[in-house]
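In terms of the UniProt record's numbering, the sequence shown is residues 1 to 247. Think of the CB as a built atom: it goes at the ideal place given N, C-alpha and C, for glycine as much as any other residue. Owing to the predicted nature of the structure, the values given are computational and were not obtained by experimental measurement.
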Amino acid sequence: MAGGLMQLVAYGAQDVFLTGTPEITFWKVSYRRHTNFAMESIEQTFSGQADFGRRVTCTISRNGDLCYRTYLQLTLPEINQSMATSGTDGVYARWLDFIGEQIIAQVEVEIGGQRIDRQYGDWMHIWNQLTLSREQQKAYWKMIGNTTQLTYITDPNFAGISGPCASTGSPTQVCAPRNALPETTLYIPLLFWFCRNPGLALPLIALKSVGQKSIQPKKSELFFGKNLLWSQDNENCQSQMLVSACC
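1. Taking the alpha-carbon of threonine 45 as reference, which of Cys58, Asn128, Arg54 has the nearest alpha-carbon?
2. Among Gln136, Leu150, Asp65, Ala105, which has the Cα closest to the Cα of threonine 203?
3. Classify isoleucine 205: buried if its beta carbon has 16 or more other beta carbons within 10 angstroms, exposed otherwise.
4. Scan the region 100 to 134 and note each continuous alpha helix (DSSP H) run of 4 residues or more that stays entirely inside, going in chain order.
5. Keeping to the same chain, check which residues put their C-beta closer than 8 Å to that of glutamine 14; ignore five residues upstream and five downstream.
6. Whole angstroms is fine: what's the gap from valine 109's alpha carbon to serine 41's?
7. Once the 5 residues before and after leucine 207 are set aside, which same chain residues still bring their CB inside 7 Å of it?
8. Going by DSSP, what residues sit across from leucine 181 in a beta bridge?
9. Secondary structure at leucine 204, three-state DSSP: helix, strand or coil?
10. What residue range does the beta strand (DSSP E) around valine 56 cover?
11. Determine the extent of the alpha helix (DSSP H) in which glycine 3 is found, giving its start and end residues.
12. Determine the DSSP secondary structure at glutamine 149, reduced to helix, strand or coil.
13. What is the rounded straight-line gap between the Cα of tyrosine 152 and the Cα of leucine 76?
14. Quick one: residues in its chain with C-beta nearer than 7 Å to the C-beta of cysteine 67, no 5 flanking neighbours on either side, listed in chain order?
15. Candidates Phe26, Gln136, Gln129, Tyr120: which alpha carbon is nearest glutamine 216's?
16. Among the candidates Val107, Arg115, Glu78, Asn197, whose CA atom is the shortest distance from the CA of alanine 93?
17. Here's a check: name, in chain order, each residue in its chain whose Cβ is nearer than 8 Å to the Cβ of serine 220, leaving out the five neighbours to either side.
18. Return the first residue and the last residue of the alpha helix (DSSP H) that valine 29 is part of.
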């Protein structure tokens, strides 16, 4: 007699506590129908030009019924050798680690003129360090610009690297020496209460006054530069960023 069949026929009075008068079954799934819905990313523009130390606001349009995950989109400008004032000046520059979080001084949501939620870039960094898994961190770091392409110092002379990439994929220096920081678009996830769960989505259709997002970038420069001399046309290039919000 097979083992499975033996288990079915060999039972006693004690089994009544486990299988007598069954209340559930493991071999049937009840499918529950849900309401029909669709999701779309809609870009919202800020009032005024975003810059370091300047507070900008964004009024959320009623393009949908609910507002869920929200991202801050910004473009870091290119920094290259043409920004040096003479041929002998080399540009050694890099963006700070976690530039997407470093750039935010504070971001908040207002409804009806009342502040509902406020967050800081430093808090966002701490929260993500504590909650993201290793697999999630890789994708998140790429979204906020924490990559060797942006955080490792450029070398105007294309000097050779000190050694090959480590077996773990983490280089001691950049694997491909380059003399410029490329233009890069970042997508920084915001962590308001309505961004965490679909059941907490902000009901735009039920609000009498449309909510506003207010973002203030930090005043300090967010890159490191050595022997870096700006020309008149490029002295503010690091602060000219195209900024928008998606929700």
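With the structure as the only source:
1. Along the sequence shown, one-based indexing puts residue 45 at 45. Here the closest residue by C-alpha is Cys58.
2. As a first step, residue 203 must be located in the sequence shown, where it is residue number 203. One detail in the question is off: residue 203 reads as proline in this sequence, not threonine. Among Gln136, Leu150, Asp65, Ala105, the Cα nearest to that of proline 203 is on Asp65.
3. For the purposes of this step, residue 205 is identified with residue 205 of the sequence shown, where counting begins at 1. With fewer than 16 other Cβ atoms within 10 Å, it is exposed.
4. Fully enclosed alpha helix (DSSP H) runs of no fewer than 4 residues occupy 121 to 131 of the region 100 to 134, in order along the chain.
5. As a first step, residue 14 is located in the sequence shown; it is residue number 14 there, counting from the start. Same-chain partners within the cutoff: there are none.
6. Against the sequence shown, residue 109 aligns to sequence position 109. Against the sequence shown, residue 41 aligns to sequence position 41. The straight-line gap from Cα to Cα measures roughly 19 Å.
7. Translated into positions along the sequence shown, residue 207 becomes position 207. The residues are Ile111.
8. What you label residue 181 is simply residue 181 of the sequence shown in a count that begins at 1. Its beta-bridge partners are Ile79.
9. Here residue 204 is taken as the residue at index 204 of the sequence shown, counted from 1. Three-state DSSP puts leucine 204 in a helix.
10. For the purposes of this step, residue 56 is taken as the residue at position 56 of the sequence shown. 56 to 59 is the extent of the beta strand (DSSP E) around valine 56.
11. As a position in the sequence shown, residue 3 is number 3, starting the count at 1. 3 to 9 is the span of the alpha helix (DSSP H), which, as asked, contains glycine 3.
12. Your numbering for residue 149 matches position 149 in the sequence shown. Helix, per DSSP.
13. Here residue 152 refers to the residue found at position 152 of the sequence shown. Here residue 76 refers to the residue found at position 76 of the sequence shown. Each residue's Cα considered, the two are about 15 Å apart.
14. If you number the sequence shown from 1, residue 67 lands on position 67. Within the same chain, cysteine 67 has close Cβ partners Ile60, Phe194, Ala201, Leu202, Leu204, Cys247.
15. As a first step, residue 216 is located in the sequence shown; it is residue number 216 there, counting from the start. Nearest of Phe26, Gln136, Gln129, Tyr120 to glutamine 216, Cα basis: Tyr120.
16. Locating residue 93 in the sequence shown gives position 93, counting from the first residue. If we check each option's Cα against that of alanine 93, Glu78 comes out closest.
17. As a working note, residue 220 is residue 220 in the sequence shown. Because the pLDDT of serine 220 is 48, which lies under 50, any placement of that residue in the model is unreliable, and the question is left without a value.
18. What you label residue 29 is simply residue 29 of the sequence shown in a count that begins at 1. That residue, valine 29, is in no alpha helix (DSSP H); it is neither H nor E in DSSP.
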